[in-house]
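Colleague:
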Amino acid sequence: IVGGHEVQGTDGGWVVSIQRKKLHRCGGSLIREDWVLTTYEQCFTSCVPDLKDYSIQVGLRHLNESSNRPRLGISRLICGPEGSNLVMLKLENPAPVSDGASTIHLPVKECHIAEGTNCTMYGWGETKNTGLDEALNSVTMPMVDNEMCSQIKGDAENSRICAGGNIGEGVCERDYGGPLVCQEHQRKVIVGVSIPRTKCASAQPALFVNVAFYSEWIYKVFRL
Amino acid sequence: QKPRRQSLQKYEKSENHMLICTDCPQTPVVQNSRSQEHCARKCKKKNFICRAFNFQKANRKCYLLPFDRFTHGAQKQANINFTLCEKKEYIRECISGTKDNYRGRRSWTKSNITCQAWSDNNINEHTFYPDRYPMQDLRENFCRNPNNDPGGPWCYTTDPNVRAEECGIPQCSQEVCMRCNGEDYRGKVDQTESGKECQRWDSKWPHVHPFQPKKYRDKDLRDNYCRNPNNRLRPWCYTMDPRTPWEYCNITMCDSDHSEEIDVNTTTSCIQQDGTNYRGTMNVTPEGVTCQRWDSQFPHNHSFLPVNFKCKDLRENYCRNPDGAHYPWCFTTDPNQRIAKCTHIPRCDAEATPKIDCYEDKGEMYRGALSTTRSGIPCADWAPYINSGDSHSTISHVGLERNYCRNPDRDKHGPWCYTSPNNRLVWDYCKLKQCESPTVAPQPNNLTRPKISCFVHINTR
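Here the protein sequences line up with chains A and B, keeping their order.
The numbering of the first sequence is the working numbering, which starts it at 1 and goes up by one.
The numbering of the second sequence is the working numbering, which starts it at 1001 and goes up by one.
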């Protein structure tokens, strides 16, 4: 996260670190005690990777405490519908949703977040010297209206949403796969999963997978 | 069984060619001959200098040639009536085996001093006159070994301070090195590692075999040179010993493995030809059984150890084709199933020229016969799911035939299917596309669609 600040308290307990050979590779979100939602790109080498190379850590605040925290194995990786860039990971054992870890709510299917709504992105990725590297950082960014976003989305249309656009603030390397979370009253909902763009923290808004567009698929994976 | 005398393996054969030399003082000796083998034996006789022969196929005549392709004025010509057979020793620049029979044309020593002609005595005086040793082929100033020196071919030099020196002619096993498992080795080793003479690939004696050169043109099964047409550990050949069908050849490995060159044509998501260059990470069988690691001997013992097949990328438990099979495969972790072909990896040409079926709208009405998932895993029959009353997945049972891709729950991402029960994926989408039809009514855009709040409190737990 570039231009953000270190997460305090219990905030961001749903953000997980996806690691390959014990090295943080990208972010993800705990959407059920035994399910993680993330992105394919930059996280995995294929839809059938060698899962024993990968592990998940929940409730982390800082990557330097990684060796002292339990690791969760992945039993299944399920690639999302064509073009979604989403991946669901089934954990070998449910994550302990205490000790700083929690789940995040999924949005209502086909829902919409109003332009200008401030939402928050979390991650342990690149800070470009704007914050504490390897700490879980967050940055608040406004949702961008569809018209401006459509130039970035290309053909992706409703499957993508955009947020941010303030120079020097945004998501960056190793944050990808992590959640964009919006809040209304006390309810926090994961509305986006960050995906790589050519530049980070630029004037161009950041691109996210629209979770609401794929919520039917997510529930179907839970069921079946 | 006493080995039958054979001579043709000492020759390099060129079908539909002949060698002529209009300027040569000695003319060919013409003899009737019942076969090329017979002709080869005549050429071998010691009372006649014979370096090659043209075999005239129609009238079975043998033209024994006292010259070779390097003789001044000699010319190799295409002629469908002839087969040219050249004695290897006159056309190679390396030493084969232990017997020193080098007859090449190198004329400088290993410290780069020009050799003195054998007929000369001007600079370094000697007694190895060509006339005195007619069988030693002391021609011009070429390196030879008339005294069987253990250092190999040598010559008197044109330097008065260096009387004679070895020429440093390489062994054929070192002249051309091999990479990987020597599948591309095209050198001239024609003996096995135990010193047995190799059988010609185009001969069925003493061993009948399937590797006929005309059937395996890309394998360069020329004469009796060691080759690796079937992905063994190293180049090999059938031997002239009737008791030993085949043996490996001893060929020097190249210093660098040039793996970057080898990887140029690899694919990771699809299969080209037989998939020898597939380097993807598919590690389950089409039925969903996990592949066995290549470096493991459990549950199946095997000889495909990664260390022995360094260029085959036998990493982890990924599907590979290290043995020239028709498709990448793997040993399976099921003790009852040794090997499985990874036929669910798609073919690249299928991707390049897609004939992907399409569906209208969400595909509820798709009634095509596709029955594999997008990754090529076979679909399972719908029947058990209909009978089990799985209301989550099947809103409508209409059209749920056999194991065809269907969309009974109006999944907006298109038709899908269940897979076999032991598969790592319970269900998946099929490789189908939405049809591009101009008659399809446009979707209501975001402006007209009512906007739903993301925070409606539905407890999904």
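We put the beta carbon where it would ideally sit given N, CA and C, even for glycine.
Owing to the predicted nature of the structure, the values given are computational and were not obtained by experimental measurement.
Name, please, each residue of chain B whose Cβ falls closer than 9 Å to the Cβ of A:A212.
Modeller: Residue numbering aside, residue 212 of chain A sits at position 212 when the first sequence is read from its first letter. Ordered by position in chain B, the residues that pass the 9 Å Cβ test against A:A212 are I1452 and C1454.
Colleague: Measure the alpha-carbon distance for A:R160 versus A:G83 and round it to whole angstroms.
Modeller: Residue mapping note: residue 160 of chain A aligns to position 160 of the first sequence, counting from 1. Residue mapping note: residue 83 of chain A aligns to position 83 of the first sequence, counting from 1. Their backbone Cα atoms lie some 10 Å apart in a straight line.
Colleague: From what residue to what residue does the beta strand (DSSP E) around B:A1164 run?
Modeller: Within the second sequence, numbered from 1, the residue matching residue 1164 of chain B stands at position 164. Taken as a continuous stretch (DSSP letters only), the beta strand (DSSP E) holding B:A1164 covers A1164 to E1166.
Colleague: Excluding five sequence neighbours on each side, which residues of the same chain lie with their C-beta closer than 6 Å to the C-beta of B:Y1366?
Modeller: Looking up residue 1366 of chain B in the second sequence gives position 366. Within the same chain, B:Y1366 has close Cβ partners Y1359 and P1415.
Colleague: What separation, rounded to the nearest whole angstrom, lies between the Cα atoms of B:E1351 and B:C1435?
Modeller: On the second sequence, residue 1351 of chain B is found 351 positions in, with the first residue counted as 1. On the second sequence, residue 1435 of chain B is found 435 positions in, with the first residue counted as 1. Confidence at B:E1351 is low in this model, with a pLDDT of 49, below 50, so its placement is unreliable and no value can be given for it.
Colleague: Less than 8 Å separating the beta-carbons of B:N1181 and B:N1230?
Modeller: Mapped onto the second sequence, residue 1181 of chain B falls at position 181. Mapped onto the second sequence, residue 1230 of chain B falls at position 230. No, the pair does not count as a contact, with Cβ atoms beyond the cut-off.
Colleague: For a contact defined as C-beta to C-beta under 7 Å, what are the partners of A:I78 on chain B?
Modeller: Indexing the first sequence from 1 puts residue 78 of chain A at position 78. Here the neighbours are L1425.
Colleague: When the Cα atoms are used, what is the spatial distance from B:C1319 to B:T1267?
Modeller: For the purposes of this step, residue 1319 of chain B is taken as the residue at position 319 of the second sequence. For the purposes of this step, residue 1267 of chain B is taken as the residue at position 267 of the second sequence. For B:C1319 and B:T1267, the distance between alpha carbons rounds to 12 Å.
Colleague: Closer than 7 Å by beta-carbon distance: list the chain A residues that pair up with B:K1412, in chain order.
Modeller: Residue 1412 of chain B sits at position 412 when you count from the first residue of the second sequence. Residues of chain A passing the Cβ test: E216.
Colleague: To which residues does DSSP link A:Y122 through a beta bridge?
Modeller: On the first sequence, residue 122 of chain A is found 122 positions in, with the first residue counted as 1. DSSP output for A:Y122 lists A:S138 as bridge partner(s).
Colleague: Could you name the residues of the region 1264-1285 of chain B whose beta carbon sits closer than 9 Å to any beta carbon of chain A, in the order they occur along the chain?
Modeller: Flagged, chain order: T1268, S1269, G1280, T1281, M1282, N1283 and V1284.
Colleague: Roughly how many angstroms separate the alpha carbons of A:E157 and A:F208, rounded to a whole number?
Modeller: Here residue 157 of chain A is taken as the residue at index 157 of the first sequence, counted from 1. Here residue 208 of chain A is taken as the residue at index 208 of the first sequence, counted from 1. C-alpha separation (whole angstroms): 12 Å.
Colleague: Which residues, in order along the region 1168-1182 of chain B, keep a beta-carbon less than 8 Å from a beta-carbon of chain A?
Modeller: Residues: none.
Colleague: Measuring CA to CA, which of A:F44, A:Y176 and A:P94 is closest to A:K52?
Modeller: Here residue 52 of chain A refers to the residue found at position 52 when the first sequence is read from its first residue. Ranking A:F44, A:Y176 and A:P94 by Cα distance to A:K52 puts A:F44 first.
Colleague: Please look up how many angstroms separate the CB atoms of A:Y54 and A:I18, rounded, as I've assumed it's under 8 Å.
Modeller: Residue numbering aside, residue 54 of chain A sits at position 54 when the first sequence is read from its first letter. Residue numbering aside, residue 18 of chain A sits at position 18 when the first sequence is read from its first letter. Right, the Cβ-Cβ distance comes to about 7 Å (below 8 Å), so this counts as a contact.
Colleague: Can you have a look at B:A1369 and say buried or exposed, based on whether 16 or more other CB atoms are within 10 angstroms of its CB?
Modeller: For the purposes of this step, residue 1369 of chain B is identified with residue 369 of the second sequence, where counting begins at 1. That one is exposed.
Colleague: By the DSSP assignment, the beta strand (DSSP E) with A:V221 in it spans what residues?
Modeller: Your numbering for residue 221 of chain A matches position 221 in the first sequence. Careful: A:V221 lies outside any beta strand (DSSP E), inside the alpha helix (DSSP H) at S215 to R223.
Colleague: Contact check, B:T1372 vs B:C1330 under 8 Å by CB: the rounded distance?
Modeller: The residue you call residue 1372 of chain B lines up with position 372 of the second sequence. The residue you call residue 1330 of chain B lines up with position 330 of the second sequence. In fact, because the Cβ distance is near 19 Å, the residues do not count as touching under 8 Å.
Colleague: Please decide whether A:R187 counts as near chain B, where near means a Cβ-Cβ distance under 8 Å.
Modeller: The residue labelled residue 187 of chain A in the question sits at position 187 within the first sequence. Interface residue, yes.
Colleague: Rank B:W1205, B:T1252, B:L1221 and B:G1280 by C-alpha distance to the C-alpha of B:P1245 and give the top, closest one.
Modeller: Working through the second sequence from its first residue, we reach residue 1245 of chain B at position 245. Out of B:W1205, B:T1252, B:L1221 and B:G1280, B:W1205 has the C-alpha closest to the C-alpha of B:P1245.
Colleague: What does B:R1374 touch in chain A if you count any residue whose Cβ is under 8 Å from its own?
Modeller: Here residue 1374 of chain B refers to the residue found at position 374 when the second sequence is read from its first residue. The contacting residues are E82.
Colleague: Kindly indicate the opening and closing residues of the alpha helix (DSSP H) around B:Q1174.
Modeller: Here residue 1174 of chain B is taken as the residue at index 174 of the second sequence, counted from 1. It spans C1172 to E1175 - the alpha helix (DSSP H) in which B:Q1174 sits, taken as one unbroken run.
Colleague: In three-state DSSP terms, what is A:D53?
Modeller: Position 53 of the first sequence, counted from the start, is the residue given in the question as residue 53 of chain A. Helix.
Colleague: Kindly say whether A:I113, judged by its beta-carbon, lies nearer than 8 Å to any beta-carbon of chain B.
Modeller: Locating residue 113 of chain A in the first sequence gives position 113, where the first residue counts as 1. It does; some Cβ of chain B falls within 8 Å.
Colleague: DSSP beta-bridge partners for A:M148?
Modeller: As a working mapping, residue 148 of chain A is identified with position 148 in the first sequence. In DSSP, A:M148 forms no bridge with anything.
Colleague: Hey, out of B:V1289, B:V1284, B:V1307 and B:R1200, whose CA is closest to B:D1295's CA?
Modeller: Your numbering for residue 1295 of chain B matches position 295 in the second sequence. Considering only alpha carbons, the answer is B:V1307.
Colleague: Comparing the C-beta of B:E1316 with each C-beta of chain A, is any distance below 8 Å?
Modeller: Counted from its first residue, the second sequence places residue 1316 of chain B at position 316. Yes, its Cβ sits closer than 8 Å to a Cβ of chain A.
Colleague: Consider the Cβ of B:Y1327: report whether some Cβ of chain A lies at a distance smaller than 8 Å.
Modeller: Here residue 1327 of chain B corresponds to residue number 327 of the second sequence, with the count starting at 1. Chain A contact via Cβ: absent.
Colleague: Using the beta-carbon count (16 or more within 10 Å), is B:T1462 buried or exposed?
Modeller: With chain B running from 1001 to 1461 in the structure shown, residue 1462 of chain B is simply not present.
Colleague: Can the beta-carbon of A:I167 be found closer than 8 Å to that of A:A203?
Modeller: Taking the first sequence and counting its residues from 1, one reaches residue 167 of chain A at position 167. Taking the first sequence and counting its residues from 1, one reaches residue 203 of chain A at position 203. Going by C-beta atoms, A:I167 is nearer than 8 Å to A:A203.
Colleague: Just how far apart, CA to CA, sit B:E1086 and B:C1043?
Modeller: Against the second sequence, residue 1086 of chain B aligns to sequence position 86. Against the second sequence, residue 1043 of chain B aligns to sequence position 43. Straight-line Cα distance between these residues: approximately 10 Å.
Colleague: Helix, strand or coil for A:L207, going by three-state DSSP, please let me know.
Modeller: Taking the first sequence and counting its residues from 1, one reaches residue 207 of chain A at position 207. In this structure, A:L207 counts as strand in the three-state DSSP scheme.
Colleague: If the criterion is Cβ atoms closer than 8 Å, does the pair A:E16 and A:V36 meet it?
Modeller: Reading the first sequence from its first residue, position 16 is the one you call residue 16 of chain A. Reading the first sequence from its first residue, position 36 is the one you call residue 36 of chain A. Here residue 16 of chain A is Val; the residue named in the question, Glu, does not match the sequence. Yes; because the gap between Cβ atoms is below 8 Å, this pair is in contact.
Colleague: Would you tell me roughly how many angstroms separate the C-alpha atoms of B:T1537 and B:D1137, rounded to the nearest one?
Modeller: The structure shown does not extend to residue 1537 of chain B, since chain B is modelled only from 1001 to 1461, so the question has no answer here.
Colleague: Just the Cα atoms here: how many angstroms apart are B:S1203 and B:Q1056?
Modeller: In the second sequence, the residue the question calls residue 1203 of chain B occupies position 203. In the second sequence, the residue the question calls residue 1056 of chain B occupies position 56. Taking the straight line joining both Cα atoms gives about 19 Å.
Colleague: Could I get the ranges of all uninterrupted beta strand (DSSP E) runs contained in the region 1091-1153 of chain B, with 3 residues as the minimum, in chain order?
Modeller: As far as the region 1091-1153 of chain B is concerned, it has no whole beta strand (DSSP E) run of at least 3 residues.
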